[in-house]
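Letter by letter, the sequence shown follows residues 85 to 913 of this note's numbering.
A virtual CB, placed ideally from N, CA and C, is assigned to each residue, including glycine.
The structure appears right after this line, and notes come after that.
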Amino acid sequence: MNEPLVAERTDTAVAELEIHGMTCASCAMRVEKALAKVPGVTRASVNLATEKATVEASGGVAPAALVAALLAAVEKAGYEAVPVATEAATFAIGGMTCASCANRVEKALARVPGVAGVSVNLATEQATVNTRSPLTGELQDLLVAAVKKAGYEATPLAADQDTAAPAKRATAGDEARREWRAVLVSAVLTVPLVLPMFGHWLGFDWMLPAAAQLALASVVQFVFGARFYRAAWKAVRAGAGNMDLLVALGTSAAYGVSVYSMLAHPGDMAHLYFEAAAVVITLVRFGKWLEARAKRQTTDAIRALNALRPDRARIRVDGANGANAEEREVPLAQVRVGAVVVVRPGERVPVDGVVLEGRSHIDESLITGESLPVPKAPDDPVTAGSINGEGAILLRTTAIGAETTLARIIRLVESAQAEKAPIQRLVDRVSAVFVPAILVIAALTLGGWLIAGASAETAILNAVAVLVIACPCALGLATPAAIMAGTGVAARQGVLIKDAEALETAHSVSVVAFDKTGTLTLGQPSLTAFDAAEGLERGEALALAAAVQRQSDHPLAKAVVQAYEAHANAQARDVLAGAAHARAVPGRGVEAEVTGRRIAIGSGRWLDELALAVPPALAARARTLEAAGNTVSWLFEPHGGVLALLAFGDTVKPTAREAIASLEAMGIRSVLVTGDNAGSAAAVAAQLGIGEVHAQVLPDDKARTIRDLKIQSGGIVAMAGDGINDAPALAAADIGIAMATGTDVAMHAAGITLMRGDPALVAAAIDISRRTWRKIQQNLFWAFFYNLIGIPLAAFGLLNPMLAGAAMAFSSVSVVTNALLLRTWRARR
């Protein structure tokens with residue numbers, strides 16, 4: 085659900101409008117003044133860049149009246165205003181069979197007052213409606229009525245589909261089984277009609293009596309073909325056409341000609357075409373069954389994600405005196421934030437939380453795409469839907485229900501699959517005139533053959549072939565089927581694509597700008613070098629440094645302790661000594677007593693103040709490390725001398741080099757844009773093979789740098805980052821790619837989110853976008869190819885109705901099957 089159009093506070097109402105027609109700052113100022121003059125308005129702000137206006141009014145103003153007055157004021161000032169959509173409602177649409185149906189439902193919903201935008205997805209059989217006012221029961225009823233008037237059925241879908249999903253899947257399964265039985269029975273009745281034709285080719289002249297043919301064909305035509313008549317009648321009643329109308333007209337014509345010939349020429353079996361009508365109905369129904377089966381497979385990713393949600397959770401409840409805690413299994417809906425949840429080995433994690441007790445490995449593969457189990461210890465986060473490994477753990481719940489990471493992923497994938505790609509607009513324009521155009525071509529075919537002197541039977545059969553070969557279904561399924569398959573498999577590999585436009589844009593990326601810290605590097609300082617002075621063992625010096633830093637929470641102190649612990653695991657003889665009287669010296673460092681000696685760690689400035697000389701070898705080493713972007717500190721005795729050099733740096737992620745190499749292999753240039761110093765940026769760039777570096781760039785300047793890259797490259801520029809400071813650049817780029825390990829602000833500004841902090845997924849995201857785009861192009865080619873080739877062949881009498889029916893059924897199945905090939909895609913590891 086989006087932000088409210090009118091957000092009512094205790095004393096203020098806030099409205100947001102989209103303003104169209106502004107060209108300069110003067111326009112924005114004029115609109116702002118016009119809005120400010122509306123009675124009740126206390127403040128008006130117009131943003132030329134986003135073309136939006138935010139208006140505050142006194143709380144006593146009715147929301148509807150306020151919006152109406154604001155729209156009138158903007159129109160009077162010479163511009164156009166549209167209220168920002170406030171809510172998105174989803175409806176399951178029943179009865180759609182082709183792109184023309186989806187187009188008609190879309191138009192019907194768009195005409196309902198208060199609707200800001202509509203998107204109908206033929207593949208999912210759902211409509212997403214954005215409204216300009218809160219979605220009341222009255223507005224919902226109007227939307228359902230509009231769909232019904234157009235000849236279809238609409239059922240509102242709740243925001244939380246957890247309980248409805250299993251029932252819906254069961255219903256879909258029952259329908260599939262019923263459809264398959266209908267296809268089988270229809271085929272059994274059709275076979276006796278077709279066998280004589282094959283027998284004639286083999287030299288056997290045997291045919292069913294005309295009465296038997298009529299009986300079998302009538303059952304197929306009016307029982308198993310009834311669905312086409314019902315849908316066609318609804319379309320005609322609504323003043324439109326669809327695939328069902330074409331099939332109903334075509335098969336009825338073939339059946340009618342056969343009945344006429346049987347009555348007009350008794351005993352003449354040569355002019356009976358019952359088999360043509362029966363075969364077309366059977367093949368089209370078979371094709372629709374295959375199509376529905378394939379479409380269900382495109383939503384496998386959503387079903388797999390929904391299946392990760394456990395129904396129940398085991399919570400720990402304290403006794404009356406705070407002791408004697410007991411475990412209680414409750415429905416997941418009863419778990420609250422802050423509750424302590426017990427997850428046993430092998431169980432699925434029911435909530436987002438933080439580990440309180442226990443250690444284990446968690447399988448997060450279906451959420452992040454990470455194939456290896458991830459170790460978890462106290463204070464580590466865990467995600468709902470992941471699977472606990474060998475150890476029992478206690479979690480403190482941080483998010484439940486719709487706020488969990490898994491729920492957000494599902495919403496994001498569903499949103500992307502419901503969206504229309506920009507290329508779909510072309511298909512919508514074609515499908516809007518497709519059925520009327522086919523009816524005209526069929527009429528011209530009929531008339532042309534009659535004028536050419538052909539018999540009425542020949543003219544009608546050729547017109548029937550035109551009606552039957554035409555397939556708007558393939559056009560309607562070409563784009564959404566590919567998008568659903570592509571976004572679904574990407575989600576399973578840890579790549580979340582926000583919408584279809586992001587998917588379509590990403591395929592043509594020519595430049596990727598990377599942030600450094602947290603994106604290409606771990607974002608945590610580590611001890612990159614530790615050199616002891618001559619005469620002192622490295623292990624002893626490292627133990628002294630760790631002892632001084634043991635009690636500190638500073639990131640650099642943690643890096644020293646971690647380095648010591650890693651060393652101590654390998655060299656057990658080094659024992660960490662205790663430290664006493666530790667104190668921080670502001671701006672200089674820290675010191676403490678270790679084994680009776682005063683030991684300090686600090687900056688070169690502190691050494692200068694104490695007039696301590698640095699050994700020449702360590703001084704040269706320090707200059708080299710600083711030139712490479714490291715921060716250098718010193719371990720020393722304030723009344724003695726320098727003991728060791730410590731260098732801190734941000735470690736490059738293990739897959740960063742592979743990520744840059746993969747992009748280069750794809751013909752994509754990588755650029756480093758960071759706020760860090762030039763030395764550090766240059767060192768990371770050299771290590772990764774990045775040729776262009778922009779260092780010491782402030783957050784606002786990052787966005788400017790991205791805009792400059794767009795101008796220089798003349799192509800599509802992507803930005804990959806993870807921090808708040810990256811949000812302006814992510815928004816400025818043609819496509820933003822955010823790390824889910826970073827901030828929510830960065831993820832909101834991005835079109836693609838990587839569920840693992842793995843830079844190699846940047847190349848994977850672009851790769852799946854390219855593959856999906858190719859599938860869309862292939863599908864549209866075949867969809868248009870079938871019609872552009874098949875319709876003329878049918879019109880010129882080179883395609884009989886039975887072959888036309890088979891081609892029509894195959895066209896829809898082929899585009900969906902082609903899209904399903906995307907499910908074999910795997911992100912490179």
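Residue i classed as buried or exposed, judged by whether at least 16 other C-beta atoms fall within 10 angstroms
i, result
"Val517", "exposed"
"Thr827", "Confidence is the limiting factor: at Thr827 the pLDDT is only 49, short of 50, which leaves the residue's position unreliable and the question unanswerable from this model."
"Pro639", "exposed"
"Leu782", "exposed"
"Thr131", "Sequence check: residue 131 is Asn here, not Thr. The residue is exposed, with fewer than 16 neighbouring Cβ atoms inside 10 Å."
"His665", "exposed"
"Lys939", "Residue 939 lies beyond the residue range present for the chain, which begins at 85 and ends at 913; the question has no answer from this structure."
"Val593", "buried"
"Ser184", "buried"
"Phe894", "buried"
"Glu487", "exposed"
"Gln577", "buried"
"Val669", "exposed"
"Ala461", "exposed"
Residue i vs residue j beta-carbon contact at 7 Å
i, j, result
"Leu440", "Leu478", "yes"
"Ala569", "Leu904", "yes"
"Val426", "Arg480", "no"
"Asp447", "Thr489", "no"
"Leu756", "Ile774", "yes"
"Ala549", "Leu883", "yes"
"Ala684", "Leu709", "no"
"Leu559", "Ala890", "no"
"Val419", "Ile365", "no"
"Ala332", "Phe308", "no"
First through last residue of the alpha helix (DSSP H) which encompasses residue i
i, result
"Leu317", "The sequence as given places Trp at residue 317; Leu does not occur at that position. From DSSP, the alpha helix (DSSP H) with Trp317 extends over Ala310 to Arg321."
"Asp734", "Here Asp734 belongs to no alpha helix (DSSP H); instead the beta strand (DSSP E) covers Val726 to Val736."
"Met803", "Here Met803 belongs to no alpha helix (DSSP H); instead the beta strand (DSSP E) covers Ile800 to Gly805."
"Trp909", "That residue, Trp909, is in no alpha helix (DSSP H); it is neither H nor E in DSSP."
"Arg400", "Run containing Arg400: none in the alpha helix (DSSP H); it sits in the beta strand (DSSP E), Arg396 to Val401."
"Val304", "Here Val304 belongs to no alpha helix (DSSP H), and DSSP marks it neither H nor E."
"Arg689", "Gly688 to Glu693"
"Ser764", "Ala762 to Leu772"
"Thr715", "From DSSP, Thr715 is part of no alpha helix (DSSP H) but of the beta strand (DSSP E) over Thr715 to Phe720."
"Pro812", "Ala811 to Ala816"
Backbone secondary structure at residue i - three-state DSSP
i, result
"Lys191", "helix"
"Arg369", "helix"
"Asn871", "helix"
"Ser898", "helix"
"Asn131", "strand"
"Lys460", "strand"
"Thr837", "strand"
"Ala360", "helix"
"Met113", "helix"
"Ile860", "helix"
"Gln796", "helix"
"Gln608", "strand"
"Pro928", "The requested residue 928 does not occur in the structure, where the chain is confined to residues 85 to 913."
"Pro29", "Residue 29 is absent from the structure shown; the chain starts at 85 and stops at 913."
"Asn546", "helix"
"Asp851", "helix"
"Met823", "strand"
Boundaries of the beta strand (DSSP E) in which residue i is found, first to last residue
i, result
"Ser754", "Arg753 to Val757"
"Thr335", "Segment Met327 to Ala348 is the alpha helix (DSSP H) holding Thr335; no beta strand (DSSP E) there."
"Asp447", "Ser444 to Asp447"
"Lys233", "Element bounds for Lys233: not the beta strand (DSSP E) but the alpha helix (DSSP H), Gly221 to Lys233."
"Val674", "Gly673 to Val678"
"Val414", "Glu410 to Pro415"
Fill in: Any 3 or more C-beta pairs closer than 8 Å across the region 297 to 304 and the region 267 to 278
Verdict: yes, contact present.
Item to complete: Would you check if there are 3 or more beta carbon pairs closer than 8 Å linking the region 845 to 862 to the region 577 to 588?
Response: Contact holds: three or more Cβ-Cβ distances are below 8 Å.
Fill in: Given 8 Å, three or more beta-carbon pairs between the region 604 to 619 and the region 700 to 711
Touching, yes, given that three or more Cβ pairs across the two stretches are closer than 8 Å.
Item to complete: Determine, using beta-carbon pairs with one atom in the region 391 to 401 and one in the region 307 to 325, whether at least three such pairs fall under 8 Å.
Response: No contact exists between the region 391 to 401 and the region 307 to 325.
Worksheet item: Between the region 333 to 341 and the region 354 to 363, do at least 3 Cβ pairs fall closer than 8 Å?
Response: Judged by pairs of C-beta atoms under 8 Å, the region 333 to 341 touches the region 354 to 363, as three or more such pairs exist.
Discussion item. Taking contact to mean 3 or more Cβ pairs, one atom from each stretch, closer than 8 Å, check whether the region 722 to 730 and the region 759 to 769 are in contact.
Written reply: No, the region 722 to 730 does not touch the region 759 to 769.
Worksheet item: Should the region 598 to 612 be regarded as contacting the region 733 to 751, the criterion being three or more beta carbon pairs within less than 8 Å?
Response: At 8 Å Cβ cutoff, the stretches touch.
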